[in-house]
Every structure is written in structure tokens, then in C-alpha cells.
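First up is the structure itself, then whatever we jot down about it.
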């Protein structure tokens with residue numbers, strides 16, 4: 004049983020249809036372009052936003068119901084998003100494949116999280132960006148969304164150590180207010196990270 008497939012089966016977009024505020028801010032700042040991959044993309048709000056900005060976007064998720072809603076949202080907005088049913092446990096990470104990579108509130112067990120971050124590091128092209136906002140290890144008392152299991156939350160060193168040889172464009176850990184559909188609401192404790200892969 005895939006709980007995410009069940010969660011996304013209803014008509015309502017449980018995280019809303021507007022992009023994550025941090026991603027929208029970074030798009031303005033960085034003017035992202037080219038071929039972008041959005042992983043653990045859910046119902047597609049961030050992938051569709053990037054497509055509206057002129058990027059060629061592919062969305063990965065392992066909930067087919069979420070991908071169907073991604074395609075539906077893209078059609079309603081007059082853009083195209085390629086969708087791929089991908090379980091990150093078995094994902095194929097092709098070196099230097101993507102100009103930009105986005106992961107918004109993608110939470111996984113620690114071993115898979117480490118594997119995924121290494122995959123991200125490999126597939127971004129030199130000069131490309133990795134943009135992410137996730138809940139930090141301090142999120143649980145806030146009760147504003149995200150996993151209820153500590154193991155699924157991120158510590159800052161996971162980004163700072165994994166991407167220590169990248170140019171860190173933005174790093175923040177602290178409180179933000181998020182209103183994203185039914186399930187992300189209120190004061191939250193997040194980590195934001197933007198890294199640029201060095202051009203050798």
C-alpha cells in the first residue's frame with residue numbers, strides 16, 4: 004500500500020496549487036532555466052510553476068495519483084510537465100543530466116535521504132542549481148505540517164557536508180510561516196538550501 008497514492012486520490016490538491024514561496028523567491032533571484040527535475044513532486048504545484056517560467060520540467064513521484072494531478076494542473080495552466088513514476092529507492096541518477104533540480108518537502112528515511120542527496124549531487128550539471136526547502140529536526144513541536152517521525156526530518160549538516168564542495172548560494176535554518184493547502188499551515192521550522200555545482 005502506497006499511502007501517498009491514497010492521499011492524492013481525491014480531487015482536492017492537499018498542498019494547494021500555488022508554488023512553494025521559497026522556490027518562487029529563488030526563481031526570481033536566480034532566473035532558473037533549461038531542463039529541470041522536481042523530485043518527490045506530489046501533485047505538481049512546483050513543477051507546473053517552473054514550466055510557467057519557461058523551463059522544460061520533469062516531475063518524479065512514486066504516487067501515480069499525484070502524477071495524474073500534476074498533468075491535470077499543467078493542462079489547466081497551459082503548460083507541459085513530463086511525469087515519471089519513480090521510486091527513489093531504485094531511481095537511476097544519470098550524471099550531469101539536469102540544469103536545475105528541485106525538492107520541496109521531500110522527506111525520506113535517513114538511508115534513502117543520503118542516497119538521494121548523493122544522486123542529486125551527481126545529476127545536476129556543472130553550473131546548475133539544487134533548490135530545496137524541507138522541515139528541520141526541530142519541526143515536530145510546531146504541529147504545522149510534515150512528518151511526525153524524527154528520523155524523516157533533516158539536520159543542517161546533511162546539506163552542508165554533502166554539498167561542501169559546491170557554492171552555497173543560500174542556507175537558512177529557522178522559522179517561516181507557510182500556508183500550502185490543507186497540510187502545511189502556520190509557523191514552521193525549515194531548512195532552505197540552494198547550491199550551485201562548480202564548473203570545473
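Numbering (the numbering used here), first residue to last: 4 to 203.
Cβ atoms here follow ideal geometry from the backbone N, Cα and C, with glycine treated the same way.
Remember, it's a predicted structure, so these values are computed and weren't measured experimentally.
- When the beta-carbon positions are compared, residue 134 and residue 105 come within less than 8 Å of each other.
- Approximately 5 Å separates the beta-carbon atoms of residue 62 and residue 84; this is inside 8 Å, confirming the contact.
- In chain order, 18 and 19 place their CB closer than 6 Å to the CB of residue 183, counting only its own chain and leaving out the 5 sequence neighbours on each side.
- Membership of residue 128 in the beta strand (DSSP E) is indicated by the continuous run 127-138.
- Under the DSSP definition of a beta bridge, residue 177 partners with 193.
- Under the three-state reduction of DSSP, residue 10 is assigned to helix.
- For residue 28, the enclosing alpha helix (DSSP H) covers residues 24-33.
- Contact annotation: residue 132 and residue 189 have beta-carbon atoms that are not nearer than 8 Å.
- Excluding the 5 residues flanking it on each side, residue 170 has same chain C-beta neighbours closer than 6 Å at 199, in chain order.
- With distances taken between CA atoms, residue 153 lies nearest to 139 out of 161, 160, 163 and 139.
- Judged by pairs of C-beta atoms under 8 Å, the segment 158-170 does not touch the segment 84-104, as fewer than three such pairs exist.
- Under the three-state reduction of DSSP output, residue 145 falls in the helix class.
- Burial state of residue 151 is exposed, judged by a 10 Å Cβ sphere holding fewer than 16 other Cβ atoms.
- The way I'd put it, the segment 37-50 does touch the segment 65-79; three or more beta-carbon pairs between them come closer than 8 Å.
- Secondary structure within the segment 53-105: the beta strand (DSSP E) runs of 3 or more consecutive residues, fully enclosed, are 59-64 and 84-88 (chain order).
- If you ignore the 5 residues before and after residue 53, its C-beta comes within less than 6 Å of the C-beta of 39 and 60, all in its own chain and listed in chain order.
- Taking all protein chains shown into account, residue 125 has fewer than 16 neighbouring C-beta atoms within 10 Å of its C-beta and is therefore exposed.
- Residue 51 places its beta carbon less than 8 Å from that of residue 80.
- In the structure shown, residue 183 falls within a strand segment according to DSSP collapsed to helix, strand and coil.
- In chain order, 65 place their CB closer than 8 Å to the CB of residue 90, counting only its own chain and leaving out the 5 sequence neighbours on each side.
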